[in-house]
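The structure appears below as structure tokens.
Residue numbers (UniProt numbering): 1 to 247.
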């Protein structure tokens, strides 16, 4: 069945009329008022059941730059059958309300509000909407582009990059020889547009080894690895001191 919504401005005794003919449902407003504003839904059902729609984004998030120290509000509008559950993530990690951020979902509009932005808020934000059992099955992460093993001169930077597919949110971790590493000191880690990137800022003797990227979500996990070899490691020459005795 099709659904048609007509807004007609004319005077009549009844404020609205609803009729269904030739598989066309029509709702007519004889005289619209302020309180008629809102979102109207047409629901079709028979003895077999009712058709409902999975959630979809009518208004999506967009990349932006924002001054630090000011409040920020991220919004997206949704369509779909109720009830809809909304979750927010930053770099694959689910966000929860606290004194620094608030989330809401009212009238099919999902909002994430940062009370005061800081440099640590930089990253990739995603909004996930579900109305189970209408949501699609989750896809486990898979690395379709893997990092390559590299040889890097002593003292220079080294970069590993890989691309992953799968259902969001995806959580990324990096490790060296089985030990997890994080952003800070000599490492910089980012995850943007499903691309995971690791930079070793200045390689030294202890940075040689196997680097592994792990991607995980609710459906599963995947791994990929690459080797870093440091070339031209400087070895200090022994210092000899000679004494000459004159007798």
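We treat Cβ as the ideally placed atom computed from N, Cα and C, and that holds for glycine.
| Item | Value |
| --- | --- |
| Where does residue 149 sit, in a helix, a strand or coil, going by DSSP? | coil |
| Which stretch, first to last residue, makes up the beta strand (DSSP E) that contains residue 84? | It is not in any beta strand (DSSP E) - residue 84 carries neither H nor E in the DSSP assignment. |
| Within this structure, are the beta carbons of residue 93 and residue 197 separated by less than 8 Å? | no |
| What residues in its chain sit with their C-beta under 7 Å from that of residue 76, if we drop five residues either side in the sequence? | 57, 59, 60, 61, 110 and 127 |
| How many whole angstroms separate the CB atoms of residue 95 and residue 152, which I take to be in contact at a CB cut-off of 8 Å? | That pair is no contact at about 36 Å. |
| Quick check on this structure: which residue in 190, 210 and 118 has the alpha carbon closest to the alpha carbon of residue 68? | 118 |
| Can you grab the Cα-Cα spacing for the pair residue 154 / residue 187, in whole Å? | 16 Å |
| Is DSSP giving residue 206 helix, strand or coil here? | helix |
| For the beta strand (DSSP E) holding residue 154, just list the boundary residues, first then last. | Here residue 154 belongs to no beta strand (DSSP E), and DSSP marks it neither H nor E. |
| Short check: CB of residue 189 to CB of residue 131, under 8 Å? | no |
| Can you give me the Cβ contacts of residue 10 inside the same chain, cut-off strictly under 7 Å, excluding the 5 residues immediately before and after it? | Model confidence at residue 10 stands at a pLDDT of 37, short of 50, so the residue's coordinates are unreliable and nothing is read from them. |
| Between which two residues does the beta strand (DSSP E) containing residue 112 stretch? | 109-114 |
| Helix, strand or coil, according to DSSP, for residue 37 in the structure here? | coil |
| In angstroms, rounded to a whole number, what distance separates the CA positions of residue 177 and residue 206? | 11 Å |
| Counting only the same chain and skipping the five closest in sequence on each side, list residues whose C-beta sits under 6 Å from that of residue 86. | 105, 110 and 129 |
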